[in-house]
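Student:
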Amino acid sequence: MNFSMARKFAFRNLKANRVLEVPFILSSGLMFILFNIMASLYNNEYVQTRHSSLAMIIGFGIVLTGLFTFIFGVYTTNFLLKRRNKEFALYGVLGLEKRHIRKIISIEFFILFAIVGAMAIVGGYVFGQLTFLILNRLLKDVAGGVMDYPFDFMAMGVTLLLLFAMYVFTVLRSSFRIYLSTPVQLLGKHHSGEGEPKSRFMLMMPGLAALIGGYYIALTTKGILSSLFLFFGAAILVIIATYLLYVSLSVFMLKLQKKRESYYTPTKFLKISGLLHRMKSNAVSLASISILSAGVIVALSVTSTIYSTIENTASNTVPRQYQIESPEHIDQSNYKAVTKELNDTVRSTVDDSSKITNDFSMLKMMAPVVRVNDEFKMYSAKTSGLPNFLLAYDLEGYNARTNSNIQLSDDELLLCVNQNNMADMKNLTIGNRTFKVKNIENIVPSNFAVEVYCVVVKDLDTMEYLSKTLQSAANVKSATYENSPITAAVSWDAKGVSEKSYSDVVKNIADPNDYDVSVRAENLKLVYGLNGGFLFLGIVIGLIFLTGTILITYYKQISEGYEDRSKYQTMKKVGLSDKLIKKTSASQIVWMFFAPLAVAAIHCMVASKIVYQLLGLFAVKNFMEYGKFFFIVLAIFFIIYFVIFKITSRAYYKIVQG
Amino acid sequence: MTILELKNVKKVYETKNVTTEALNEINFSVKKGEFISIMGESGAGKTTLLNIIATLDKATAGTVLLNGQDITALQDKEISKFRRKELGFVFQDFNLLDQFSNKDNIFLPLVLSEIEPTDMKLRLEKLQSSLGIEEILEKYPYEVSGGQKQRVAIARAAITGPSLLLADEPTGALDSAASEAILNLFNKINEKGQTVLMVTHSLRASSYAKRVLFIKDGIVYHEIYRGENESRGEFMERINQAQFMLNRGDK
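Chains as they are written, first to last, in the numbering used here: chain A, 1 to 658; chain B, 1001 to 1251.
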């Protein structure tokens, strides 16, 4: 058979099978589009310049997406080939040699994959551009600067490479299948199912080991930097475990149920055998859905946590809308004068002093310390151990800032830390004085990425004592030390002023005095510029994974519908009512619905600890913050998934009953 | 005692432009314990007739009484239950479900009727040796031969003890040795009192029955009974002649 004849065959076949091929092209095309967009993110300027770890995270995301794209590709081509076994058998019967059939298949798939490839490249660019445009518009205030989506040749190359691998794999697999079987076997293949899977202890053991390993890493890892590497390791282990356990454990459990007496009741009888029968292909798609769902949930809850932290960071770095800080070092002699000068400066920014509200002045001191049990010691070149930062405020300022009325005696102080696991002392010794500790809610500005202790002391006297006891390096090289500086700042809100012009006024007045001016709105903008891109990336990745989940769920329902159709026709003849058919498939579907969701939720919960540590990179210091968003995202995802499921099961019923 | 009675059963298929009369005034009755074969060429209306008796299809006109109950008047809800209780089916292409082992395939109608598992096992034990299926009960349909599949299908049809066992070309997909074994099985369960109604165009298959009905162009043309002492060979010869006469009437 020459090429042009094989080509004619191939084209005619493509035309004849378009009912099967159009969904295949659309779904695979979409999957490859998603992969292409994901791959394009890697070379994105923001990703490359913001943080070295970010490129790594995206790279990991690309590998993951590539893996799913490949699995999904195998799944869909499998479905396509299975439906066509009969046709291949017929060619054999009509006298085509196996290598002819192989030739035809190669051409057919080449055309199909070429279309998919074209879709992936063009669609990837168009959809990527569109998504970026829309998101840029939606997030223009928070995403900080416009993120570009240039055409990326590397992404195109990677996408085409994956597609080519997929093509070679498909052709080899189908030729192998045709090579091994006679036409009659091929004819039978369509009719017979996959057969009952064996319980595979061989798979269950490594699966369990991988799961335990992955969970162990996730639960025991400490420290921000080691988290990132170990996170990938744990994720890969858990992914492997999910696939292996779905394949082995599900069969094992279903077989156990089958042994029970209660197996012989109508619903269970049909449900268990139905699930068992198709568990092999089900297991793979269920595992994929589980992992993708977990990906969506983690990506979105991390993103929203970072996003909300941005707001917090800005507001607790600058407790009021405006703040000016004097550069002068404060002691008893100049305290009153400096504070008055600061306050006068604030008044001079407005024509009517009633426009100033919520104002307060506060003293601040910072020093590096070394914590030894319940004692803080001065950090010097000679001290062993890692330094922590100590941040000290005065009580008057603290009360004014938080609108509270706390009293302290000379031997008491308030303490808070920005990492929960450090607040564990009842008494605190500094120099020769020991203070009783009262814990307060964390007020450490969240732009500190390191571990910080924050104390509030009774008055300036106590603060000066700290300043003398815990000296800071004046010059690191010569190892000379001086009293840690105490500074004063005034913070206030302003009403009845135009934000933009007012901050200019504040700056103009503050400048001659060398005051340090902080404007919360500008600060917010700055932080958004730095971290807002994460929100953007999180949404893009979340969307990619979500679309993947939808695709797999949809394809699963459709392909199962076709496979179950003749089965239900037979059951009807044996005396199965429509009602029971509906009830059985509904209970099967419920199982299929909740299993991936439950697995995804468990994975995410176990992952939350290590993910939270990773969030330390973004100054997220409150676990509850992450927990809150985790549950919100989980609930929203549950609803979305439920809707997808309802819609796709309708398609399933339509096919089964049609 | 009459088990099945068809009165003026008519079936018309209508598509946009064409109206096809598949059955036209079918009348006959079946007594308890009979083994009846319905013969006719392709397109004579055999399968339509069987589908109507099986409640898989509805007659356009006429009544079908099974145990005195008019099955054409059954509600959709009752049909499934009725099918399970009163009818057993054996199909040309077996219609076994791959998801069940052979044993579970046989149990399927019993499970649907919510029979106790112990009772199911008892019933199967009574059947299995005469059907020769002990060895393959734990296997799956795709692991056994066509003849064995059909045995399983017969066991599935007979295990509920239906009023009427319907068979549609039960040997159509089998080779001659397997066919003969299957037909002998039908004889065997018929001798135990099971009423059997079979549709076929095979002479040999029909010769196992006690009565043969011929249908052509949607009506019952002719019927012959097997004589008390008539051998199967002789009966087959008579069926052949009757069929020959019928076909000649065409020209």
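Glycine included, each C-beta is placed from N, C-alpha and C at the ideal position.
Since we're looking at a predicted model, the values are computed, not measured.
Please name the residues in the stretch 590 to 602 of chain A whose beta-carbon is closer than 7 Å to at least one beta-carbon of chain B, in chain order.
Tutor: Hits within the stretch: zero.
Student: Can you tell me the Cα-Cα spacing of residue 630/A and residue 110/A, whole angstroms?
Tutor: Residue 630/A and residue 110/A: Cα-Cα distance of roughly 44 Å.
Student: So, does the CB of residue 1083/B fall closer than 7 Å to a CB anywhere in chain A?
Tutor: Chain A, which has a Cβ nearer than 7 Å to the Cβ of residue 1083/B, makes this yes.
Student: Within the same chain, show all residues whose beta-carbon is closer than 6 Å to that of residue 3/A, passing over the 5 residues directly before and after it, in chain order.
Tutor: Taken in chain order, the list of residues that qualify is empty.
Student: For a cutoff of 7 Å on Cβ pairs, would you count residue 689/A as touching chain B?
Tutor: Residue coverage of chain A in this structure runs from 1 to 658, which leaves residue 689/A outside it and unanswerable.
Student: Note down the Cα distance separating residue 88/A from residue 101/A, rounded to an integer number of angstroms.
Tutor: Taking the straight line joining both Cα atoms gives about 7 Å.
Student: Using the Cβ count rule (16 or more neighbours within 10 Å means buried), how would you classify residue 18/A?
Tutor: Exposed is the call here.
Student: Shortest alpha-carbon distance to residue 59/A belongs to which of 72/A, 77/A, 78/A and 35/A?
Tutor: Nearest C-alpha to residue 59/A: 35/A.
Student: Return helix, strand or coil for residue 467/A, following the three-state DSSP convention.
Tutor: The answer is helix: DSSP assigns residue 467/A an H, G or I state.
Student: Below 8 Å, can you find three or more Cβ-Cβ pairs linking the stretch 1067 to 1077 of chain B to the stretch 1031 to 1043 of chain B?
Tutor: No contact exists between the stretch 1067 to 1077 of chain B and the stretch 1031 to 1043 of chain B.
Student: Check residue 329/A in the structure and name its three-state DSSP category.
Tutor: Coil, per DSSP.
Student: How about the stretch 68 to 82 of chain A and the stretch 542 to 554 of chain A: do they share at least three Cβ pairs that are nearer than 8 Å?
Tutor: A contact exists between the stretch 68 to 82 of chain A and the stretch 542 to 554 of chain A.
Student: Per the DSSP calculation, residue 492/A is bridged to which residue(s)?
Tutor: Beta-bridge pairing links residue 492/A to 322/A.
Student: Would residue 1122/B count as contacting chain A if we go by Cβ distances under 7 Å?
Tutor: It does not: the Cβ of residue 1122/B has no partner Cβ on chain A nearer than 7 Å.
Student: Could you tell me which residues DSSP pairs with residue 973/B in its beta bridges?
Tutor: Outside the displayed span of chain B (1001 to 1251) sits residue 973/B, for which this structure offers no information.
Student: Take the Cβ of residue 193/A as the centre, count every other Cβ of all protein chains shown within 10 Å, and call the residue buried at 16 or more, exposed below.
Tutor: Low per-residue confidence applies at residue 193/A: pLDDT is 47, beneath 50, and the placement is therefore not dependable enough to give any value.
Student: Tell me residue 1088/B's beta-bridge partners as DSSP assigns them.
Tutor: Paired residue(s): 1165/B.
Student: Between the Cα of residue 1203/B and the Cα atoms of 1165/B, 1237/B and 1157/B, which residue gives the shortest distance?
Tutor: Comparing Cα positions, the closest option is 1237/B.
Student: Under three-state DSSP, which class holds residue 1069/B?
Tutor: Correct three-state label for residue 1069/B: strand.
Student: Assuming residue 1008/B contacts residue 1088/B (C-beta within less than 8 Å), just tell me the rounded distance between them.
Tutor: About 26 Å separates the two Cβ atoms, so there is no contact after all.
Student: Taking only runs of the beta strand (DSSP E) that begin and end inside the stretch 507 to 588 of chain A, which ones reach a length of at least 3 residues, in chain order?
Tutor: Listed in chain order, they are 516 to 519.
Student: Take the Cβ of residue 516/A as the centre, count every other Cβ of all protein chains shown within 10 Å, and call the residue buried at 16 or more, exposed below.
Tutor: Flag for residue 516/A reads exposed.
Student: Taking a cut of 9 Å between CB atoms, which residues from the stretch 1124 to 1142 of chain B lie near chain A?
Tutor: Listed by position, the residues of the stretch 1124 to 1142 of chain B near chain A (Cβ gap below 9 Å) are 1140, 1141 and 1142.
Student: Could you check if residue 498/A is buried or exposed, using at least 16 other CB atoms within 10 Å of its CB as the buried criterion?
Tutor: Classification of residue 498/A: exposed, given that the 10 Å Cβ count is below 16.
Student: For the beta strand (DSSP E) that residue 1252/B lies in, which residues bound it at each end?
Tutor: Nothing about residue 1252/B can be reported from this structure: the residues present for chain B run from 1001 to 1251 only.
Student: Looking at chain B, is there any beta carbon in it that lies within less than 7 Å of the beta carbon of residue 560/A?
Tutor: Not an interface residue.
Student: According to DSSP, what are the bridge partners of residue 1047/B?
Tutor: Paired residues: none, contrary to the question.
Student: Would you kindly work out how many angstroms separate the C-alpha atoms of residue 1148/B and residue 1133/B, rounded to a whole number?
Tutor: If I take the Cα positions, the gap works out to 7 Å.
Student: Let me check one thing: in DSSP terms, what residues is residue 607/A bridge-paired to?
Tutor: In DSSP, residue 607/A forms no bridge with anything.
Student: Straight-line CA distance for residue 473/A to residue 341/A?
Tutor: Each residue's alpha carbon lies about 29 Å from the other.
Student: Going by other Cβ atoms of all chains shown within 10 Å of its Cβ, with 16 needed for buried, is residue 405/A buried or exposed?
Tutor: Per the 10 Å Cβ criterion, exposed.
Student: Would you mind working out which of 1113/B, 1170/B and 1060/B sits nearest residue 1014/B, comparing C-alpha positions?
Tutor: For the residues 1113/B, 1170/B and 1060/B, the minimum Cα distance to residue 1014/B belongs to 1060/B.
Student: Where does residue 1093/B fall in DSSP's three states?
Tutor: In this structure, residue 1093/B counts as coil in the three-state DSSP scheme.
Student: Can you tell me whether residue 1161/B is buried or exposed, with buried defined as 16 or more other CB within 10 angstroms of its CB?
Tutor: Exposed: under 16 other Cβ atoms inside 10 Å.
Student: Quick one: is residue 247/A near chain B, going by C-beta distance under 7 Å?
Tutor: No - not a single Cβ of chain B is within 7 Å of the one on residue 247/A.
Student: Give a yes or no on whether the C-beta atoms belonging to residue 414/A and residue 456/A are separated by under 7 Å.
Tutor: Cβ distance < 7 Å, so residue 414/A and residue 456/A count as in contact.
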